[in-house]
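Reading through the structure tokens given below for one structure.
Protein chains in written order, with the numbering used here: chain W, 380 to 619; chain F, 380 to 619.
Below you can see the structure in the form of structure tokens.
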């Protein structure tokens, strides 16, 4: 049975302007690989209502699960929640269980639960809350879309809540061989190897180090014996 | 006149599996902002022919300029060139000027211009070559799509060749104020400010440092006087 598929939607002008370097995509990619879920596509869009709606609809329809990051805070540029609701034609309003979480969090602090912060309790109808152990304001899951924060520490905490609820596949195993030759010298035998192991993914990732060319050859698959066999052949083709 | 728009397409299983952390998106975003070109969307897709064709067509139709990274080397998993050609219905074959570049590069080295390396001289009909001062194998530009390498040093060198050929807009100016208060305390006055400066983009990017909440407020616009004025008001609202 093929592994379940996933996509990610990163929302935020700050990524596209170069101000902030996204860190959540790389983290999510590693976690999904460990869980046996294939991350197939990532899109990064602006803080723009129509761009968010279009991307949510396209990715939700094409993949088993979608993760979003960013745009769920209290400020005017946080427009993810209402546009995910709009993508699914759901009303959105402050929900009592979400408000109660914020009330409890801000009670006894020197921060007040003002109108701006209350925006973070707006949840689309029918959504499930995602726990935020760091700053309380919850994410939410609606249809197959999990809406999470952009701040990496909070994104990671929310992902830890969501991942155990998903059905994974066979974890992808991988082995890597570093070959200190130009990719062009490796390409022919490597292509033959890939043809003989059509059930494995064999990738070549070139690098330049100290002025010399090399490549990391990564062999991936869910059957450890097959990965071992292909790696043994590869090592024989290109002895260190 | 609004600034020209751009999108990026990152091609490669290694990004989506979490093996490699993409560095080109952040670099491109910064360079385009300096050039006055608005990066509107980024997509990351697998080494999959149909995924590449669909993304190239969608982004090429929606934005003024598209940059791709990855998949133009000599190995079997380098399938970008033929699928960009396919996206535009163009034939692709080894082209003499591209072959000549490779012949000159490999002459006198201990690497041979074998069949695998010759794949890197396959250029879609009607494309312009993009200079690769590092490892010779060229990128190419076809329609409004610039096809470049994934290795960051080569991506950056190719971008340096392409950028001067593009028409930019007014460079985006930005000023940042760090406010050591929770976003929820800032949100109300910030929203008012944003309404009074509709020509500017005002973003709030929260952080957690030493257990305390804060936010960077970034004011962006192409009119330096307006950015100054808004920043002066903002500083008055939230004195350090």
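All residues carry an ideal CB built from backbone N, CA and C; glycine is no exception.
Note that the coordinates shown come from a computational prediction; the quantities given were computed from them, not determined experimentally.
- Residues of the region 444 to 466 of chain F that bring their beta carbon within less than 7 Å of a beta carbon in chain W comprise 452, 453, 454, 455, 456, in sequence order.
- Listed in chain order, the alpha helix (DSSP H) runs fully inside the region 426 to 506 of chain F are 428 to 441, 459 to 466, 475 to 485, 494 to 497, counting runs of at least 4 residues.
- Its chain contains 481, 482, 485 as the residues whose beta carbon lies nearer than 7 Å to that of residue 492 of chain F, once the 5 sequence neighbours on both sides are disregarded; these appear in chain order.
- In the three-state scheme derived from DSSP, where H, G and I count as helix and E and B as strand, residue 594 of chain W is classed as strand.
- Between residue 583 of chain F and residue 576 of chain W, the alpha-carbon positions lie close to 49 Å from each other.
- Per DSSP, residue 611 of chain W has no beta bridge partner at all.
- Beta-carbon to beta-carbon, residue 551 of chain W and residue 412 of chain W are separated by about 5 Å, close enough to satisfy the 8 Å threshold.
- Residue 530 of chain F sits buried, since 16 or more C-beta atoms from the chains shown fall within 10 Å of its C-beta.
- Among the bridge pairs identified by DSSP, residue 420 of chain F is matched with W:424, F:386.
- At least 8 Å separates the CB of residue 616 of chain W from every CB of chain F.
- Cβ-Cβ distances below 8 Å link residue 570 of chain F to nothing in the same chain once the five nearest sequence neighbours on each side are left out.
- Residue 496 of chain W and residue 507 of chain W have their C-alpha atoms spaced approximately 19 Å apart.
- In terms of Cβ geometry, residue 503 of chain W and residue 464 of chain W form a close pair [threshold 8 Å].
- Contacts with chain W at 8 Å (Cβ-Cβ) do not include residue 435 of chain F.
- Contact of residue 405 of chain W with chain F is assigned, a C-beta pair being separated by under 8 Å.
- Pairwise C-beta distances place the region 556 to 566 of chain W in contact with the region 454 to 474 of chain F, as three or more of them are shorter than 8 Å.
- Judged by pairs of C-beta atoms under 8 Å, the region 394 to 406 of chain W touches the region 582 to 600 of chain F, as three or more such pairs exist.
- Residue 584 of chain F has F:595 as its beta-bridge partners, per DSSP.
- Annotation for residue 436 of chain F: 466 place their beta carbon closer than 7 Å to its own, counting only its chain and skipping 5 residues before and after.
- The beta carbon of residue 535 of chain F is closer than 7 Å to those of 406 in its chain, skipping five residues each way along the sequence.
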